[in-house]
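Take a look at the structure set out below.
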Amino acid sequence: MREHFEHPASSSVNRRRRLGAIRISSLLLVVIGAGLSLVLALWLFSPSARKATTLGVAEIAGNVAEGYMADTRPVEVIQIADIVFQATGIANTQLIPTSEGYVVFDTGLSIQAAKQKRLLEESAGSGPITEIILSHSHQDHVGGVAFWLEDDSEIIAHAEFEEEQRYLKELEPYLWTRNRRLFPWMPEEPVSGGPLEFGKIEPTLRVDGEESLTFERGGIRFEVIPTPGAEGADNLCLWLPDQKILLSGDFFGPIFPQFPNIFTMRGEKTRKPIEYIRSLDRLIALEPEVLIPSHLSPAYGREEIKAAMTRMRDAVQFVHDATVEGMNSGRTVYELMEEIQLPPELELSQVHGKVSWGVKSIWEYYATWFHHDSTTELYPVPIRSIYGELAELAGPENLVARGRASLAQGNPVESLHFSEIVLESDPEFRSALELHRDALDELLARARAGHQNAFELGWLGSRLEEVRARLEPGGA
Ligand SMILES: [Zn+2]
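Under the working numbering, think of the first position of the sequence shown as 228, with each following residue one higher.
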C-alpha cells in the first residue's frame, strides 16, 4: 500500500492546498467516473480496439486524478542493470523483455498504470506478455493487471493472494476511510466498476510453502520465491539468479533499510513476525547485488545490501525477543512500549515502522485483545462512557487546568486524556479544544524532531486540522 507519504497538513500553505483538494475531489470523481463510463462502454467492442481505447481513456483519467493528488511520484522509465525496465510512480512497475516474451513484475496503482505501460513499451519495445508476477494483493501493485493481461499470460501470485484480496475488497469502504485520514489526497471514495476497480484478479499459477516457482524465458532464469510475513501473508519476491537481482515488491517497505511495519496502523490483518524473519533469512542467503523494491529507488552493492538486510532481520528479532521476555516477566504492554529500544548497532529509520508499535503488535499477535489490565476490557462499556460524569464531578475547567499542567511538565499524552474527558460530553468546550490542539502540536513537533514516522505525522496532522477547524469561527 502507499505507505511512504508524509502528511501534507499543518503548514498553512499545505492546509489551503488540502482544503482545495477536498473541495475538488467530488469534481475529480465525476471526471474519473465519466472516463470510466466511457471505458466501460468501450469494453464491449472488439478486444484489440477496446484495449487500445481503454488504455488511452484510463491514462487521461489518471492524468486528471494525478493532477489533484498532492505529492504523487511522476511516471518515468529507467533501466536497471541492463535487463529490467522500471516505470516509476506511486508504486513502480517492472518489465523484463526477453526474446520469448515479456515478464511484468507488479503493475502499479490503477490511475498510473496505463501511462506506465505506454512508457515502458516505448522504451523496451512490446511483445507478448507471458507472465505477470504480483508481489502481493495491495491496490498499488495490482492496478494495471487488466491493462497488461493477454489471453496467454500467466498471472503468478502467492497462494494466499486471493484470501488477502477477498478481505481487502470486503472491507474496502472501512479501510478506504481509514487510509484517507492518513493520505488525504486520496479520492473520497474507491473506484467502482471498470478496469480500475480493485479485486477480481485470479492468479493462474501460485507459490506456497517453501517452494519457489522457477521458469526460463529467452535464456533468462526466473525464480519466484514465497516470502510471507512482510507486507501481508501473500508476499513473494522475484529472483534473477544469473544477474543476482532481487525484485522485492514491498518486502522491505518503501525505503531500504528501515524498521519494518510488523503490523500496519493503517489497519490490516496481523502479520507474523517470525515468518517475516524466516523469509528475510532466505533473501539474505541469496546475496543480491541489486535490490529493486516496488517503491522508490533500487539499492546496489552485495555487501551493503547484505549488511542492511541483516540489520533489519536482527532488529526485528531483537524487538520480538525483548517483547516476549517482557511478557514472561510480567511487564505491561505500555511499559514495554516505553522501554524497548533498538541498541545503537541495530539503529534503523522508523519512518515507516515504529519500534514501540512493533512491541504492541507482537504483544497482541501472541496475546490478542485482552490485555488483563481491567475486567472492563471484557465488556462493551469503554471508559469514555463515564467521561461525562467525571467532567461534571471534577469540573471541566479543573480538568483543563490539570491537562495544562501535564503539558507544561512534558506529558502531552496525559493532556489529551484530560481534554478528551471534557470534550466527550461537550465537544465545543473551547479551552479543552485549545488544550487538545496544543498537546497535538507538541506531539507533532516531537514526531518531526524524532523518528518522523509517516503514519504518526499523518495521524497527528489530520487530528490537528480537525481541532483547528472546530476552533475557527463557525467551525464544524
Ligand atoms: Zn505498496
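From the three backbone atoms N, C-alpha and C, an ideal C-beta is built for every residue, glycine too. Note that the structure is a prediction, hence the values are computed from the model and not measured.
Assigned exposure category for Glu-530 - 16 Cβ within 10 Å defines buried: exposed
For the alpha helix (DSSP H) holding Ser-218, just list the boundary residues, first then last. With the chain covering 228 to 703 only, the question about residue 218 has no answer from this structure.
Classify Arg-345 as helix, strand or coil using the three-state DSSP reduction. helix
Cβ-based neighbour list, Val-451, same chain, cut-off 7 Å, excluding 5 preceding and 5 following: Ile-360, Ile-383, Val-434, Ser-439, Leu-440, Leu-463, Leu-465
Short of 6 Å in beta carbon distance, which residues of its chain neighbour Ala-340, apart from the five on each side in sequence? Order them along the chain. Thr-334, Gly-370, Gly-371, Phe-374
Outcome for Gly-637 when other beta-carbon atoms lying within 10 angstroms are tallied against a minimum of 16: Classification for Gly-637: exposed.
Identify, in the order they occur along the chain, each residue of the same chain with its Cβ nearer than 6 Å to the Cβ of Glu-327, setting aside the five sequence neighbours on each side. Arg-444, Gly-445
Taking DSSP as the reference, what is the three-state secondary structure of Ser-725? With the chain covering 228 to 703 only, the question about residue 725 has no answer from this structure.
Burial state of Ala-534, where buried means 16 or more other Cβ atoms lie within 10 Å: exposed
Per DSSP, which one or two residues make a beta bridge with Ile-447? Answer is Arg-444.
Report the option in Gln-485, Ala-666, Ile-504, Ser-556 whose CA atom is closest to the CA atom of Ala-526. Gln-485
On a Cα-Cα basis, can you pick out the residue from Pro-700, Ser-633, Trp-686, Gly-528 that is closest to Glu-655? Pro-700
Could you round the C-beta distance between Leu-398 and Gln-366 to whole angstroms and report it? I think they count as a contact, below 8 Å. The pair is not a contact, with the Cβ atoms about 13 Å apart (cut-off 8 Å).
Val-517 - partner residues in DSSP beta bridges: DSSP output for Val-517 lists Ile-472, Tyr-527 as bridge partner(s).
Can you look up Gly-354 in the DSSP assignment and give me helix, strand or coil? Note: Gly-354 maps to coil in three-state DSSP.
Which value, in whole angstroms, describes the spacing of the CA atoms of Ala-666 and Glu-514? 46 Å
How should Lys-587 be labelled, buried or exposed, when 16 other C-beta atoms within 10 angstroms of its C-beta is the threshold for buried? buried
Mind checking whether Phe-478 and Ala-457 have CB atoms under 7 Å apart? The Cβ atoms of Phe-478 and Ala-457 sit closer than 7 Å to each other.
Does the distance between the C-beta of His-365 and the nearest non-hydrogen atom of ligand 1 fall short of 6 Å? yes
Identify, in the order they occur along the chain, each residue of the same chain with its Cβ nearer than 7 Å to the Cβ of Thr-550, setting aside the five sequence neighbours on each side. Leu-563, Ile-567, Val-586, Ile-589, Trp-590
Report the rounded CA-to-CA distance for Gly-260 versus Ile-317, giving the unit in angstroms. Low confidence applies to Gly-260: its pLDDT is 45, below 50, so where it sits in the model is not reliable enough to give any reading.
Assuming Phe-332 and Ser-364 form a contact by the criterion Cβ under 8 Å, report the distance between their Cβ atoms to the nearest whole angstrom. Contact doesn't hold; Cβ gap of about 15 Å is too wide.
Cβ-heavy atom distance between Ala-318 and ligand 1 below 6 Å? yes
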